[in-house]
Amino acid sequence: MPNHTIFNERPESQDRALKVIERLGYTIIPRSEAEQKRGSRKAVLFTGELQAFLSKQTYQFGSERRFFSGGSIAKAIQVVDQYSAAGLYASNKEIYELLCSGKSMEEDLLDGTRQSFDISYIDFEHPENNTCESHGWCKNYNCCKEKGLNGKFARPDIVVLVNGIPLVVIECKKSGVDVMEGVTQNIRNWGEEYIPHLFRYTQLVMAVNPDKVLYGTCGTPAKYFVSWHEDDKEWLNNWCRKCSPDGQIKEQDRALVSLLHPERLLDLIRNFIIYDNNVKKICRYKQYFAVK
178 MPNHTIFNER
188 PESQDRALKV
198 IERLGYTIIP
208 RSEAEQKRGS
218 RKAVLFTGEL
228 QAFLSKQTYQ
238 FGSERRFFSG
248 GSIAKAIQVV
258 DQYSAAGLYA
268 SNKEIYELLC
278 SGKSMEEDLL
288 DGTRQSFDIS
298 YIDFEHPENN
308 TCESHGWCKN
318 YNCCKEKGLN
328 GKFARPDIVV
338 LVNGIPLVVI
348 ECKKSGVDVM
358 EGVTQNIRNW
368 GEEYIPHLFR
378 YTQLVMAVNP
388 DKVLYGTCGT
398 PAKYFVSWHE
408 DDKEWLNNWC
418 RKCSPDGQIK
428 EQDRALVSLL
438 HPERLLDLIR
448 NFIIYDNNVK
458 KICRYKQYFA
468 VK
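In the numbering used here, the protein residues as written are 178 to 469.
In structure tokens, the structure reads:
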């Protein structure tokens with residue numbers, strides 16, 4: 178039997194979170210379908226969804242816009258999907274730079290020349306363009322290390338993907354369970370013995386129960402996971418009313434709306450994450466609203 182630690186069950190938090198996230202515009206993918214999209218338990222990308230998004234990318238040549246070749250699309254997927262032995266911090270930074278800046282691809286042109294053009298993994302300017310169905314996916318996740326690397330199992334409660342790339346990992350706890358348990362679980366899961374290959378893509382890491390939410394990013398020490406307090410109360414209340422599954426508004430709802438509203442999530446990723454002296458950092462709410 179695998180070495181599999183059982184944590185507190187959390188349908189009270191997880192089920193509610195899924196309903197709120199769905200009402201934010203995400204498509205909920207059942208675990209069985211998610212595993213089909215990944216292709217194997219070791220895989221973490223939805224490569225079909227990423228390919229579909231990249232296939233819509235165009236570049237300007239003369240007076241016309243042209244689609245990228247199949248070869249360029251395959252190479253763009255390979256670049257973001259390839260294994261890196263550089264360690265989690267360096268690997269995560271490489272992925273982050275690809276997400277924010279794209280990748281230069283060389284295309285054969287009609288005049289017989291070759292020229293490089295940038296292909297984007299995320300459309301930050303137009304969040305509505307980032308999937309064929311909605312802004313992303315939220316799904317139950319089942320992922321394990323290869324047996325040669327200890328074979329330990331871990332199953333994050335919720336993973337949010339944009340264009341098939343897993344950007345957010347959420348651990349859910351029932352009310353009365355210290356949310357720091359979810360923080361500890363996330364930190365354990367990005368360790369070498371568990372699923373660092375998932376967290377190399379992760380930009381936002383959350384631990385939630387109905388009454389409290391803490392967030393950080395990949396590599397954040399436990400003591401630096403913090404709460405979010407929304408500055409725009411009217412915006413928050415309007416969205417919470419839209420997203421509440423039962424008419425009540427929990428602290429969990431407020432945090433999920435504030436951090437996972439598609440425009441907010443992409444803004445946080447693009448403009449409010451830094452890599453500083455071998456530490457990855459995401460802004461606190463006061464820093465975010467001071468800039469805004």
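The beta-carbon is built from N, C-alpha and C at its ideal position, and this holds for glycine as well. Bear in mind that the values here come from a model prediction, so they are computed numbers and not experimental data.
Cα-Cα separation between residue i and residue j, rounded to whole angstroms
i      : j      : result
Val336 : Phe244 : 30 Å
Glu284 : Arg418 : 48 Å
Asn454 : Asp408 : 30 Å
Phe301 : His438 : 13 Å
Gln237 : Leu195 : 40 Å
Arg377 : Glu274 : 12 Å
Arg193 : Tyr298 : 30 Å
Phe396 : Gly368 : Looking at the sequence provided, one finds Gly at residue 396 rather than Phe. Approximately 10 Å, taken between the alpha carbons.
Arg291 : Gly279 : 19 Å
Leu227 : Ile254 : 7 Å
Ala263 : Glu411 : 44 Å
Lys350 : Glu189 : 8 Å
Phe230 : Asn340 : 6 Å
Ser404 : Leu442 : 15 Å
Arg242 : Gln191 : 44 Å
Exposed unless 16 or more other CB atoms sit within 10 angstroms - verdict on residue i
i      : result
Ala251 : exposed
Ala432 : buried
Ile451 : exposed
Leu287 : exposed
Lys457 : buried
Asp295 : exposed
Asn415 : exposed
Thr308 : buried
Ser268 : buried
Tyr260 : exposed
DSSP bridge partner residues for residue i (one or two, in chain order)
i      : result
Ser293 : Glu283
Phe230 : DSSP, once it has assigned bridges, lists no residue as partnering Phe230.
Cys349 : Val385
Trp237 : The question names Trp, yet the displayed sequence has Gln at residue 237. Bridge partners of Gln237: Arg242.
Lys457 : Tyr452
Pro188 : Pro188 is not bridged to any residue.
Own chain partners of residue i with C-beta closer than 6 Å, once the 5 adjacent residues on each side are dropped
i      : result
Ile446 : Gln380
Tyr383 : According to the sequence provided, residue 383 is Met. The question's Tyr does not apply to it. Result list for Met383: Ile347, Tyr392, in chain order.
Neighbourhood of residue i by C-beta distance below 8 Å, restricted to the same chain and skipping five residues each side
i      : result
Ala399 : Met357, Val360, Thr361, Ile364
Phe449 : Ile459, Cys460, Gln464, Tyr465, Val468
Leu413 : Glu407, Arg431, Val434, Ser435
Same chain, Cβ closer than 7 Å to residue i, five either side skipped, listed in chain order
i      : result
Arg514 : Since the first and last residues shown for the chain are 178 and 469, residue 514 lies out of range.
His374 : Val221
What runs of the beta strand (DSSP E), each 3 residues or longer, lie entirely inside the region 369 to 452?
381 to 386, 389 to 393
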